[in-house]
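What follows is a short report on a single structure.
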Amino acid sequence: MQIEGSLWNAEGWASGRKKFDWNQAPFKAYFQEFNVDSCLLHDYAVDKCYSSNFWWNREGFWQLNPSDQNAYEHLRTKYMYYDYCSDETRYPKPPPKCKTNK
């Protein structure tokens with residue numbers, strides 16, 4: 001498994017019209033103390049990944065607690081410039097994966 005990031009010029013639509021300073025290149029990202037718990041798939045048998053044996057499927061993790069929800073909203077407000085799930089002009093019918101944002 002690996003973690004990748006990508007960078008693209010989205011200043012015309014996804015950055016709140018903020019200009020990107022390409023003179024600052026090269027851009028680097030560092031992932032520190034990053035752990036991932038996962039469900040290993042064999043033959044695309046995804047059903048087993050919904051088991052309550054995995055901590056993320058237990059009821060206590062179905063939604064954020066109030067403190068974590070506040071932290072999430074703060075970061076979302078401060079750092080997110082564009083959310084295509086909320087772009088009703090461009091997507092009158094939100095893309096299918098946006099259902100999970102509600």
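The sequence shown: position 42 = 42 (my numbering), numbered continuously. Yeah, the Cβ is synthetic: ideal placement off N, Cα and C, and Gly gets one too. Computed from a prediction, not measured in an experiment: that's the story for all the values here.
> Under a three-way DSSP split, which group does alanine 45 fall into?
Replying inline: In this structure, alanine 45 counts as coil in the three-state DSSP scheme.
>> Given this structure, state the Cα-to-Cα distance separating histidine 42 from serine 51, to the nearest angstrom.
In response: If I take the Cα positions, the gap works out to 15 Å.
> Roughly how many angstroms separate the alpha carbons of leucine 75 and aspartate 68, rounded to a whole number?
Replying inline: Cα-Cα distance, rounded: 11 Å.
> Can you list the alpha helix (DSSP H) stretches of 4 or more residues lying completely in the stretch 51-75, in chain order?
Replying inline: none
> Do you know whose CA, among Leu7, Tyr30 and Gln32, lies nearest tryptophan 22's CA?
Replying inline: Leu7
> DSSP three-state call for asparagine 23: helix, strand or coil?
Replying inline: helix
> Using a Cβ-Cβ distance under 8 Å, would proline 26 count as near chain D?
Replying inline: In the structure shown, chain D cannot be found, because there is only a single protein chain.
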